[in-house]
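Chemist:
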Amino acid sequence: MMSSSEHIRYAQEFGRAVYDLARERGVQTQVLNGFETVAKVFEDKPEFLRLLSNPRLGVSEREELVNSVFGGRIEPVLLNAVKLLAAKRRCGMLESCLQEYRALYCRENNILAVKVTSAVELDEVQKSKLCKTLEKKTGSKVLLHCRTDPSCLGGICLEYDGKRYDASVRQKLSSLRESLKSDC
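In this note's numbering, the protein residues as written are 7 to 190.
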């Protein structure tokens, strides 16, 4: 079993290797989009991720599963990388590989990666408005990575440059609760 630091190191090396291959082929953006697609499938269908990690399933069967779900939907360089993770039963580290890939992509393209968490999915107009506001504020191109978390109750949380900006209803209620406690 891999330790946490080994897991991180392996994911970073793997993400870096995929990025280098994508750069050689000039498909960095397409691979990033594909990575996001695969991560979303794994997040939405955890049973699929468990299936790919099942030791009773042979390597060729895992590769066939990956091919049947992602073949033709993602760049071949990424498809082969996901097949390799599946063969090694390490698809669970795909999100960490994606984080490394995204960091390299953003660094090379002078893009600020922003994690956005909201109670409900943002529509394209909201995403566009948020992007423009952040680009104006930071002076950088912005790449949004959106996810939903109903526990936010409303509002949004932003994470970028190692900072967290929490404008969620949950945070405001928590602050109000603390304020009321200190007043009593």
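C-beta: ideal position from N, C-alpha, C; glycine also.
Figure out for me which residue from Leu164, Leu159, Gly168 and Glu165 has the closest Cα to the Cα of Ser1.
Modeler: Outside the displayed range of the chain (7 to 190) lies residue 1, so it cannot be described from this structure.
Chemist: Taking Leu90 as the reference, which of Leu128, Asp155, Arg79 and Ser66 has the closest Cα?
Modeler: Minimum Cα distance to Leu90 is reached at Ser66.
Chemist: Less than 8 Å between the CB atoms is what I'm expecting for Leu84 and Phe41, so what's the real figure, rounded?
Modeler: Yes, they are in contact, since the Cβ atoms of Leu84 and Phe41 sit about 6 Å apart, within 8 Å.
Chemist: Can you give me the start and stop residues for the alpha helix (DSSP H) that Arg67 sits inside?
Modeler: Here residue 67 turns out to be Glu, not Arg, going by the sequence shown. Taken as a continuous stretch (DSSP letters only), the alpha helix (DSSP H) holding Glu67 covers Val65 to Phe76.
Chemist: Is DSSP giving Ala5 helix, strand or coil here?
Modeler: Given that the chain is displayed from residue 7 to residue 190, the structure contains no residue 5 and the question cannot be resolved.
Chemist: What did DSSP end up calling Leu128 once you bin it into helix, strand or coil?
Modeler: Correct three-state label for Leu128: coil.
Chemist: Checking 7 Å against the spacing of the C-beta atoms, do Ala92 and Val24 come in under that value?
Modeler: Cβ distance not < 7 Å, so Ala92 and Val24 don't count as in contact.
Chemist: Please state the DSSP three-state secondary structure of Leu27.
Modeler: Helix, per DSSP.
Chemist: Shortest alpha-carbon distance to Gly145 belongs to which of Gly161, Ile80 and Ala119?
Modeler: Of the candidates Gly161, Ile80 and Ala119, the one whose C-alpha sits nearest the C-alpha of Gly145 is Ala119.
Chemist: Using a Cβ-Cβ cut-off of 8 Å (strictly less than) and excluding sequence neighbours within five positions of Pro52, which residues of its own chain qualify?
Modeler: So the list is empty, once near-sequence residues are dropped.
Chemist: Could you say which of Tyr171, Ser157, Ser11 and Leu38 lies nearest to Arg22 if we only look at CA atoms?
Modeler: Checking every option, the nearest Cα to that of Arg22 belongs to Leu38.
Chemist: Assuming Lys46 is part of the alpha helix (DSSP H), what are its boundary residues?
Modeler: Residues Gln34 to Asp50.
Chemist: Per DSSP, Val88 forms a beta bridge with which residues?
Modeler: None; Val88 has no bridge partner.
Chemist: Run through DSSP, which three-state label would Glu165 get?
Modeler: Note: Glu165 maps to strand in three-state DSSP.
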